[in-house]
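Residue numbers (my numbering): 290 to 528.
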């Protein structure tokens, strides 16, 4: 189980460090000056309100001819597709959500959730997210997920549209739950019959979904592979 947890953390660091370093791989002075100037111009000309209404709402765009099932495509305005690294896009297309909590059974705990809706800068075609929590009583959970939409179209006036049911996705996770008590069965059970255990679980999922025959149609083809493993071990209950 420790190997599974370690593997998940390594995958998390590799994926997000690659996104963080995107655009910064070359040494200073090694990049093409024209390419650098274009990148700077893209950031300086970015308008977070482009494609949005005056009230901040996202209007319904004019879709290209030939789009079938237009009601099943989601529009992402240009103002929600900021160029740059994961740090430069922070609060626009990626967010960090920390949490702190306390419960008597599991103790004090903290966690963090990080997700990037424009992973690898594919103009909202890819999504990646990860989360981790840990408590003083030993409860922990870590997971990472990735998704790529198969039907993605650029709009002439800026922005993109996505058909959200056709995708390929993958994920891996590990969890160690709080210690659980088991008192036995029946009215004659006493406190002396109590036992406790800890449940560890790890798993992965890889799946493909696609609407047939056209994007957004009612028929949904799905193919996936899931692996799941439980490990029960003696636990300790305080109080």
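All C-beta atoms, glycine included, are put in the ideal place defined by N, C-alpha and C.
Proximal residues to residue i (C-beta, below 7 Å), its chain only, five neighbours per side dropped
i, result
"residue 363", "450, 451 and 453"
"residue 504", "357, 358, 440, 452 and 455"
"residue 331", "372"
"residue 347", "341, 364 and 366"
"residue 424", "395, 396, 397 and 398"
Contacts around residue i, its chain only, beta-carbon distance under 6 Å, and the 5 residues preceding and following it disregarded
i, result
"residue 352", "359"
"residue 436", "416, 456 and 458"
"residue 434", "418 and 460"
"residue 383", "375 and 405"
"residue 518", "491"
"residue 496", "458 and 513"
Residue from the options with nearest C-alpha to residue i
i, options, result
"residue 397", "488, 502, 479 and 428", "428"
"residue 386", "399, 336, 392 and 395", "399"
"residue 498", "492, 511 and 490", "511"
"residue 493", "431, 509 and 438", "431"
"residue 438", "489, 425, 445 and 412", "412"
"residue 283", "365, 337 and 343", "The structure shown does not extend to residue 283, since the chain is modelled only from 290 to 528, so the question has no answer here."
"residue 335", "370, 414, 393 and 478", "370"
Start and end residues, beta strand (DSSP E) containing residue i
i, result
"residue 457", "449 to 465"
"residue 434", "429 to 443"
"residue 489", "484 to 501"
"residue 419", "415 to 424"
"residue 394", "That residue, residue 394, is in no beta strand (DSSP E); it is neither H nor E in DSSP."
"residue 363", "362 to 365"
Span separating the alpha-carbon of residue i from that of residue j
i, j, result
"residue 375", "residue 388", "21 Å"
"residue 421", "residue 381", "22 Å"
"residue 333", "residue 410", "17 Å"
"residue 310", "residue 373", "At residue 310, the pLDDT of 45 sits below 50, so the modelled position is not reliable and the matter cannot be decided from this model."
"residue 408", "residue 377", "13 Å"
"residue 491", "residue 442", "36 Å"
"residue 379", "residue 390", "25 Å"
"residue 502", "residue 474", "53 Å"
"residue 367", "residue 395", "44 Å"
"residue 508", "residue 350", "26 Å"
"residue 403", "residue 345", "25 Å"
"residue 355", "residue 393", "58 Å"
"residue 337", "residue 361", "25 Å"
Supposed contact pair residue j and residue i - C-beta distance, whole angstroms, cut 8 Å
i, j, result
"residue 339", "residue 447", "6 Å"
"residue 515", "residue 506", "Residue 515 to residue 506, Cβ: 25 Å. No contact."
"residue 489", "residue 465", "5 Å"
8 Å Cβ shell around residue i - same chain, five flanking residues per side excluded
i, result
"residue 476", "none"
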